[in-house]
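Mapping of the sequence shown onto numbering that gives the first Met the number 0: position 71 corresponds to residue 70, and the numbering continues sequentially without gaps.
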Amino acid sequence: MRLFLICAVACAVISARAQDVIPTKVNDQNRTGGLPFSTSIGTDVESVDVAGDNLRVHIPIVSIPGRGMNSGLVLTYDGRFWLASRYVDIHGNYIYQWKFESRGAAALSSAIGWRKNVGYFTHGTKKFSCLNNTATYLTNYIYIDPDGGKHPLAVQGAASSACAVQDANGPDLGGEGMWGMMPAEEEGQQPRVGESA
Numbered sequence: 000m001r002l003f004l005i006c007a008v009a010c011a012v013i014s015a016r017a018q019d020v021i022p023t024k025v026n027d028q029n030r031t032g033g034l035p036f037s038t039s040i041g042t043d044v045e046s047v048d049v050a051g052d053n054l055r056v057h058i059p060i061v062s063i064p065g066r067g068m069n070s071g072l073v074l075t076y077d078g079r080f081w082l083a084s085r086y087v088d089i090h091g092n093y094i095y096q097w098k099f100e101s102r103g104a105a106a107l108s109s110a111i112g113w114r115k116n117v118g119y120f121t122h123g124t125k126k127f128s129c130l131n132n133t134a135t136y137l138t139n140y141i142y143i144d145p146d147g148g149k150h151p152l153a154v155q156g157a158a159s160s161a162c163a164v165q166d167a168n169g170p171d172l173g174g175e176g177m178w179g180m181m182p183a184e185e186e187g188q189q190p191r192v193g194e195s196a
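Okay, structure coming up:
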């Protein structure tokens, strides 16, 4: 009986994990990390953001001092991992389903809500006709910093080379002074983030 219960819980966690959704914009529902101009109550290990009611827990594992910038590994729990995803049913009506937010390379395999302190990017894909071809664009890039804060970027890249990309470089849409730059085709499809000029 105990083995059956363990197997049932493991299957439920694995099937729930496979239904994650990549965010395409930052809104009040999925805003994570430390919010600018917000107050949090708690300590360095655990805190609750007053503006967003978001529980965050930081467990430091390793800390390595460096020259000008320290490095380390921190496990972080962020309570905002649910997204209401909009779909269209067979009758053309919008329906909403709760899904887990995809946390990319930072996610721990089956520990929902927990992540490592690494930065990563998410993006959406759009297709449209261009020059008698179908162009595929990677758009709605969001840079998630090591603290979990989300920064939407005004850049897009082409997954297919049917049309030229006009906005391969651009600012972050939050006005925080970051600049997103799409690399050349041979470098890969992930943008880089630097300071704006």
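For every residue, glycine included, the Cβ atom is placed at its ideal position computed from N, Cα and C.
Values in this document were obtained by computation on a predicted structure and should not be read as measured data.
Residues bridged to residue i (per DSSP)
{"i": "Arg85", "result": "Tyr95"}
{"i": "Gly71", "result": "Ser62"}
{"i": "Ala157", "result": "Tyr136"}
{"i": "Pro151", "result": "Ile141"}
{"i": "Asn168", "result": "Met180"}
{"i": "Thr42", "result": "Note: Thr42 sits in no beta bridge, so no partner."}
{"i": "Asn53", "result": "Asp48"}
{"i": "Ala174", "result": "Correcting the residue type first, residue 174 is Gly in the shown sequence and not Ala. DSSP, once it has assigned bridges, lists no residue as partnering Gly174."}
Whole-number beta carbon distance between residue j and residue i, since they are thought to touch under 8 Å
{"i": "Leu54", "j": "Val47", "result": "5 Å"}
{"i": "Gly193", "j": "Met181", "result": "In fact, because the Cβ distance is near 12 Å, the residues do not count as touching under 8 Å."}
{"i": "Pro145", "j": "Gly173", "result": "Incorrect: roughly 16 Å between the Cβ atoms, too far for contact."}
{"i": "Gly112", "j": "Gly78", "result": "6 Å"}
{"i": "Asn116", "j": "Thr75", "result": "6 Å"}
6 Å CB neighbourhood of residue i in its chain, flanking five on each side removed
{"i": "Val61", "result": "Gly71, Leu72"}
{"i": "Met96", "result": "Correcting the residue type first, residue 96 is Gln in the shown sequence and not Met. Closer than 6 Å at Cβ, skipping near neighbours: Ser84."}
{"i": "Pro59", "result": "Val73"}
{"i": "Asp171", "result": "His150, Leu152, Met177"}
Assigned secondary structure, residue i (DSSP; H/G/I helix, E/B strand, else coil)
{"i": "Asp77", "result": "strand"}
{"i": "Cys129", "result": "strand"}
{"i": "Val192", "result": "strand"}
{"i": "His90", "result": "coil"}
{"i": "Gly112", "result": "coil"}
{"i": "Gly118", "result": "coil"}
{"i": "Thr124", "result": "strand"}
Close Cβ partners of residue i (< 8 Å) along its chain, the five nearest in sequence each way excluded
{"i": "Glu186", "result": "Note that Glu186 scores a pLDDT of 49, beneath 50, so its modelled location is shaky and nothing firm can be said."}
{"i": "Ala17", "result": "For Ala17, the pLDDT reaches just 49, beneath the cut-off of 50, and the residue's location in the model is therefore unreliable, although a value from the coordinates is still provided. Contacts found: none."}
{"i": "Val154", "result": "Tyr140, Asp166, Ala167, Asn168, Gly169, Gly179, Met180, Met181, Pro190"}
{"i": "Ile40", "result": "Ser46, Val47, Val49"}
Proximal residues to residue i (C-beta, below 7 Å), its chain only, five neighbours per side dropped
{"i": "Arg191", "result": "Met180, Pro182"}
{"i": "Val87", "result": "Tyr93"}
{"i": "His57", "result": "Asp43, Val44, Val73, Thr75"}
{"i": "Asn69", "result": "Ser62, Ile63"}
{"i": "Phe80", "result": "Phe99, Glu100, Ile111, Gly112"}
Residue i CB to nearest heavy atom of the ligand ZN below 7 Å
{"i": "Ser70", "result": "Among the components modelled here there is no ligand, and therefore nothing to report on the ligand ZN."}
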